[in-house]
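Everything on this sheet refers to the single structure shown next.
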Amino acid sequence: MERERSFGRMVWISMLVLFLEAVTVVILVAFHGQTQESPSAGVNSLGVALQLFLAIPGALAGAVVSLLLVLPAVRLSEALGRRVTGREAWWWVPVVVAAGCAPLGVLAALTGVLGPFEAVGTWCAATVLLSVAALFTRVARKGLFGRILLRGSLAVLSTGALGLMALGFGLVDPYAPPVVSHASMVGDWTDGNGGTLTLSEDGGAVASAVGDPAYDAEDTEGMERCTGRGAWSYDRGEGPWGQTVEVTVPECGWQPWEVLGSESRVTLYHYVGDPDSWVLYTLTKAHG
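Residue numbers (my numbering): 95 to 382.
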């Protein structure tokens, strides 16, 4: 096998498998994001295209992962197989990968980077992804690269097509903000941290210590807060994503609030600072 399995071929096959896995994960995450409450859930094809574009430089990371993790896992699994059982066996690969990833998961949990369940989930995912790459690398025969490229590309395209079909035919419901009205907006709104906004039936608005997320703010803690009286109006826009609530209070420099949440828990939100940071300041309607 060693004569047929050159070092270069092993690296290329490992990089290819890791790249195909990364693109598949990006597609799955993007489609999953369409079902989750998020301002970005409505950005469909553009969001997927951008994430796929970012996956391209991931090929360079794949080379690093191949050299530092995948190939050593293959070599170590073969050495352990020969030493313990007297022969090489494929099932040593996931054992070695799982053992190698375990300390990283424990470290992430102990340092608070990930919660316990997140750490276990990440460990399992890393074990599966790296094991698959290592198993293909282990049998890096001549011609295998082309077969993986062809069949892997078909699998990736099929994953994307199935996701589009699931969304298109209603098998999976994409997230959309609740459709609200002027009447349903009337009431008290709170940020859960002392800030309240009262919207009256007659179009009056009263703000009390409500956050004013300026562009240069970095998080909700760094916002200025404003208090004052003014007016408000609701614009239904074009569909659920186009709804806005414009609140004009002289002391507050707000842009129109946008709608998020669910039918039972409507939320108004602003971006905090740069919209690319994806940090939201939200107001939730108080009940009772």
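Positions of the beta carbon are idealized from the N, C-alpha and C atoms, including for glycine.
Small disclaimer: the values here were computed from a predicted structure and weren't measured.
- Excluding sequence positions up to five before and after residue 338, its CB lies within less than 7 angstroms of the CB of 329, 331, 350, 351, 352, all in the same chain and listed in chain order.
- Around the C-beta of residue 364, 16 or more other C-beta atoms lie within 10 Å, and the residue is accordingly described as buried.
- Judged by DSSP secondary structure, residue 201 falls within the alpha helix (DSSP H) whose first and last residues are 186 to 204.
- Going by beta carbons, residue 299 and residue 324 fall inside the 9 angstroms limit.
- Within a 10 Å sphere around the beta-carbon of residue 236 sit fewer than 16 other beta-carbons, which makes this residue exposed.
- Shown here, residue 360 sits in a strand according to DSSP, grouped into three states.
- Looking at the DSSP output, residue 340 bridges to 327.
- Fewer than three Cβ pairs drawn from the region 212 to 222 and the region 175 to 186 lie within less than 8 angstroms of each other, which leaves the two stretches out of contact.
- 9 angstroms or more divides the Cβ of residue 285 from the Cβ of residue 347.
- For the options 194, 341, 168, 115, the alpha carbon positioned closest to that of residue 248 is the one of 115.
- Assignment of residue 372 by DSSP, reduced to helix, strand and coil, places it in the coil class.
- Spanning the alpha carbons of residue 125 and residue 162 requires a straight line of approximately 31 angstroms.
- At a Cβ-Cβ threshold of 9 angstroms, residue 190 and residue 171 count as neighbours.
- Taking all protein chains shown into account, residue 130 has fewer than 16 neighbouring C-beta atoms within 10 Å of its C-beta and is therefore exposed.
- It is roughly 11 angstroms from the alpha-carbon of residue 336 to the alpha-carbon of residue 133.
- Following the DSSP letters along the chain, one finds residue 366 in no alpha helix (DSSP H), marked with neither H nor E.
- Contact between residue 322 and residue 345 holds: their C-beta atoms lie close to 4 angstroms from each other, under 8 angstroms.
- DSSP, read as helix, strand or coil, puts residue 351 in strand.
- For residue 377, the closest alpha carbon among the candidates 271, 241, 290 is that of 290.
- For residue 169, the three-state secondary structure derived from DSSP is helix.
- The Cβ atoms of residue 180 and residue 113 do not sit closer than 9 angstroms to each other.
- Separation of the CB atoms of residue 234 and residue 103 is rounded to 5 angstroms, and the pair is thereby assigned contact status at 8 angstroms.
- Boundaries of the beta strand (DSSP E) harbouring residue 301: 298 to 306, taken from the DSSP string.
- Residue 318 sits in a strand when the DSSP states are folded into three classes.
- In this structure, the straight-line span from the alpha carbon of residue 192 to that of residue 279 is close to 52 angstroms.
- In this structure, the beta-carbon distance from residue 297 to residue 379 does not fall below 9 angstroms.
- Its chain contains 131, 271, 272, 361, 378 as the residues whose beta carbon lies nearer than 8 angstroms to that of residue 355, once the 5 sequence neighbours on both sides are disregarded; these appear in chain order.
- The shortest C-alpha to C-alpha distance from residue 292 to any of 326, 106, 319 is the one to 326.
- Judged by their CB atoms, residue 230 and residue 108 are nearer to each other than the 9 angstroms cut-off.
- C-alpha of residue 121 to C-alpha of residue 252: approximately 11 angstroms in a straight line.
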